[in-house]
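When you line the sequence shown up against the numbering used here, it's residues 797 to 887, in that order.
Glycine included, every Cβ here is placed at the ideal spot set by N, Cα and C.
All of these numbers come straight from a predicted model, not from anything done at the bench.
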Amino acid sequence: MTFLAIMLRFLIILFLLIYILYRLLWKDNRNRNQRTKGQKSIRNEEMVKDPVCGTYVSLDLAIPAKKEGRTYHFCSKECRNKFLKDPTQDA
Ligand SMILES: [Zn+2]
797 MTFLAIMLRF LIILFLLIYI LYRLLWKDNR NRNQRTKGQK SIRNEEMVKD
847 PVCGTYVSLD LAIPAKKEGR TYHFCSKECR NKFLKDPTQD A
């Protein structure tokens, strides 16, 4: 009888430990997935075209420049400088 009671208690503790570990790991994984998904959706939200070289850049990575009231986006500072210096690019 005492052996059974000890075994039962041991099993209950073991089950609880597994349950707690499982919950902790599951929660951690879910949070990590949500975070990466959120970042991806923000990154891929909007693509803008560089008018100088024609490359598509995501809006948060693009370099903005204002010209004649319009905002343009560029893949690099080189492209932006080229665009701002060269009036023929503004079509
Ligand atoms: Zn460019």
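Just so you know, the alpha carbons of CYS875 and PRO847 end up roughly 8 Å apart. Looking at the DSSP output, LYS845 bridges to TYR852. For ligand 1, the residues with a Cβ under 7 Å from any of its heavy atoms are, in chain order, ASP846, VAL848, CYS849, THR851, PHE870, CYS871, SER872 and CYS875.
Excluding residues up to 5 positions away in sequence, PRO847, VAL848, ALA861, LYS863, TYR868, PHE870, GLN885 and ASP886 lie with their Cβ nearer than 8 Å to the Cβ of PHE879 in the same chain.
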